[in-house]
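Per this note's numbering: the sequence shown = residues 107 to 172. Ideal Cβ placement from N, Cα and C applies to all residues, glycine included.
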Amino acid sequence: IDLDIILYEGVSSDDPALTLPHPRAHLRDFVLLPLADLGVTRADLLANTLPRTPPPTNPKGSDAKP
C-alpha cells in the first residue's frame, strides 16, 4: 500500500522521510477539490492552517453523546 499523507491537522515536518504539509499539495486539483469540501483552501495549505470546526452540540434536553 502506498499512502500519501497530504496534511495532518496542525502538524508540520521537514523530515526527509515525511514533509507535512505536502510541499506541492496546493498545486494539485486532485488534492484541492476534496479538501475544498472540508473547507480547506489553498491559502490554508500554504500557511499550514486548517479551519477549525466546532464540535457538534446536542439539542436541548438530548442525552445523546457525540
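Q) In whole angstroms, what separates the C-alpha of Ile173 from that of Leu113? A) No answer is possible for residue 173: it lies beyond the span of the chain, which begins at 107 and ends at 172.
(Q) If you follow the alpha helix (DSSP H) that Asp150 is in, where does it begin and where does it stop? (A) Arg148 to Ala153
Q | Assumed close pair Val137, Leu126 - CB separation to whole angstroms, cut-off 8 angstroms | A | That pair is no contact at about 13 angstroms.
Q | Spatial distance of Asp120 from Arg148 (CA atoms) | A | 19 angstroms
Q: State the Cα-Cα distance for the pair Leu133 and Leu144, rounded to the nearest angstrom.
A: 17 angstroms
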